[in-house]
Amino acid sequence: MAALAEKKKGSSLVYAGAALLIVVGAYAYHMYPSSSTALTDKTAKSYTSAQFGISFLYPHGYTIKEDNVGPSAPLHHVITFVPEGLSAVPQNSEAPAGIAFEIRENEPVEMSAETFIRTDPASNWNIATSGIVPKTYGSVSGMEYSWSGLYEGRSFVVARRGFIYVFSVTRFEPTDAALSDFDRILSTLELAE
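When you line the sequence shown up against the numbering used here, it's residues 168 to 360, in that order.
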């Protein structure tokens, strides 16, 4: 009798443990969906800036850091996606591989995306490893190219009235999660006309 009661108790614990794992797994899937699933309002965080005419969704697991770089004019605003749990980058040090969106002033002379890529030293065109190709993410069209420096990188550049947007991802390995996260974020990108 005692053995039967002990066996039932053990079975109950196994079932309770399995149920707990299912609940935890479902919660983790909802809060941190796989890097291959599309981002939605329910599975991601959102970012919107009326000042810069930009909005997008981004996966849980990142926080956003924003900075204005350099002097106040011309405008150069950077949005960096920082993996949660990553400590701050030491001053005067290279940033880790990852995702960054730059918003640059495109006035008084309005440049095309290709002109920016070919003429601005910040584009990394001088270390390009591919040609410039037209690319569309969601409803946004621009120019994309790859480059190689401290990291392997890919940039997508869009020119709009007032702003040049430079969306970049850097990586060490072709399997880095930042690559698929970058594509997923850009698939939700919306820019003001």
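All C-beta atoms, glycine included, are put in the ideal place defined by N, C-alpha and C.
All values reported here derive from a predicted model rather than from experimental measurement.
Output the distance between the C-alpha atoms of Glu360 and Gly329, rounded to the nearest integer angstrom.
What you label residue 360 is simply residue 193 of the sequence shown in a count that begins at 1. What you label residue 329 is simply residue 162 of the sequence shown in a count that begins at 1. About 10 Å.
In chain order, which continuous runs of the beta strand (DSSP E) of length 3 or greater are located wholly inside the region 314-351?
DSSP runs (the beta strand (DSSP E)) wholly in the region 314-351: 319-327 and 329-338.
To the nearest angstrom, how far is it from the Cα of Val333 to the Cα of Ile270?
As a first step, residue 333 must be located in the sequence shown, where it is residue number 166. As a first step, residue 270 must be located in the sequence shown, where it is residue number 103. When rounded, the distance between both Cα atoms is 6 Å.
What's the call for Val336, buried or exposed, on a 16-neighbour Cβ count within 10 Å?
For the purposes of this step, residue 336 is identified with residue 169 of the sequence shown, where counting begins at 1. Counting the other Cβ atoms within 10 Å of the Cβ of Val336 gives 16 or more, which makes it buried.
Strictly by DSSP, which residues pair up with Ala295?
Counting from 1 along the sequence shown, the entry for residue 295 is found at position 128. Trp314, per the DSSP bridge assignment.
Assumed close pair Ala295, Ser279 - CB separation to whole angstroms, cut-off 8 Å
Within the sequence shown, the letter at position 128 stands for residue 295. Within the sequence shown, the letter at position 112 stands for residue 279. Rounded to whole angstroms, the Cβ separation of Ala295 and Ser279 is 17 Å, and the two are not in contact under 8 Å.
Do Leu358 and Gly220 have their C-beta atoms within less than 8 Å of each other?
For the purposes of this step, residue 358 is identified with residue 191 of the sequence shown, where counting begins at 1. For the purposes of this step, residue 220 is identified with residue 53 of the sequence shown, where counting begins at 1. Result yes, Cβ atoms of Leu358 and Gly220 sit closer than 8 Å.
Just checking my contact of His243 with Glu233 at CB under 8 Å: how many whole Å lie between their CB atoms?
Numbered from 1 along the sequence shown, position 76 holds the residue referred to as residue 243. Numbered from 1 along the sequence shown, position 66 holds the residue referred to as residue 233. The beta carbons of His243 and Glu233 sit about 12 Å from each other, so the pair does not count as a contact at 8 Å.
Going by Cα to Cα distance, which pick from Glu274, Gly265 and Gly237 is closest to Ile352?
Counting from 1 along the sequence shown, the entry for residue 352 is found at position 185. Measuring from the Cα of Ile352, the nearest candidate turns out to be Gly265.
CB of Leu356 within 8 Å of CB of Val307, strictly
Reading the sequence shown from its first residue, position 189 is the one you call residue 356. Reading the sequence shown from its first residue, position 140 is the one you call residue 307. For the 8 Å CB-CB criterion, Leu356 and Val307 form a contact.
Determine the burial state of Asp348: buried for a count of at least 16 other Cβ atoms within 10 Å of its Cβ, exposed for fewer.
Translated into the one-based positions of the sequence shown, residue 348 becomes position 181. Buried, since its Cβ has 16 or more Cβ neighbours within 10 Å.
Paired residues, beta bridge with Arg271 - DSSP
Sequence index remark: in the sequence shown, residue 271 carries index 104 (1-based). Paired residue(s): His243 and Ile331.
Exposure of Glu311, with buried meaning 16 or more beta-carbon neighbours within 10 Å
Counted from its first residue, the sequence shown places residue 311 at position 144. With a threshold of 16 other beta carbon atoms within 10 Å, Glu311 meets it and is buried.
Going by other Cβ atoms of all chains shown within 10 Å of its Cβ, with 16 needed for buried, is Asn235 buried or exposed?
To locate residue 235, count along the sequence shown from 1; it is residue 68. Per the 10 Å Cβ criterion, exposed.
How about Thr282 and Ala267: do their beta carbons lie closer than 8 Å?
Start at 1 with the first residue of the sequence shown, and residue 282 comes out as number 115. Start at 1 with the first residue of the sequence shown, and residue 267 comes out as number 100. Cβ distance not < 8 Å, so Thr282 and Ala267 don't count as in contact.
Using the Cβ count rule (16 or more neighbours within 10 Å means buried), how would you classify Phe223?
Position 56 of the sequence shown, counting from 1, holds the residue named residue 223. By the neighbour-count definition (other C-beta atoms within 10 Å, threshold 16), Phe223 is a buried residue.
Residues of its chain near Thr230, where Cβ-Cβ distance is below 7 Å and the 5 sequence neighbours each way are ignored:
By one-based count along the sequence shown, residue 230 stands at place 63. Excluding residues within five positions, the ones whose Cβ falls inside 7 Å are Val249 and Glu251.
Assign Phe339 to buried or exposed, taking buried as 16 or more other Cβ atoms, counted over all protein chains shown, within 10 Å of its Cβ.
The residue given as residue 339 occupies position 172 in the sequence shown. So Phe339 counts as exposed.
By the three-class DSSP mapping on this structure, what secondary structure does Ser290 have?
The residue given as residue 290 occupies position 123 in the sequence shown. Assignment of Ser290 by DSSP, reduced to helix, strand and coil, places it in the helix class.
6 Å CB neighbourhood of Val300 in its chain, flanking five on each side removed:
Position 133 of the sequence shown, counting from 1, holds the residue named residue 300. Cβ neighbours of Val300 beyond the five flanking positions: Glu311.
Measuring straight from C-alpha to C-alpha, what distance separates Leu206 and His227?
Along the sequence shown, read from residue 1 onward, the residue named residue 206 stands at position 39. Along the sequence shown, read from residue 1 onward, the residue named residue 227 stands at position 60. Rounded to the nearest angstrom, the two C-alpha atoms are 10 Å apart.
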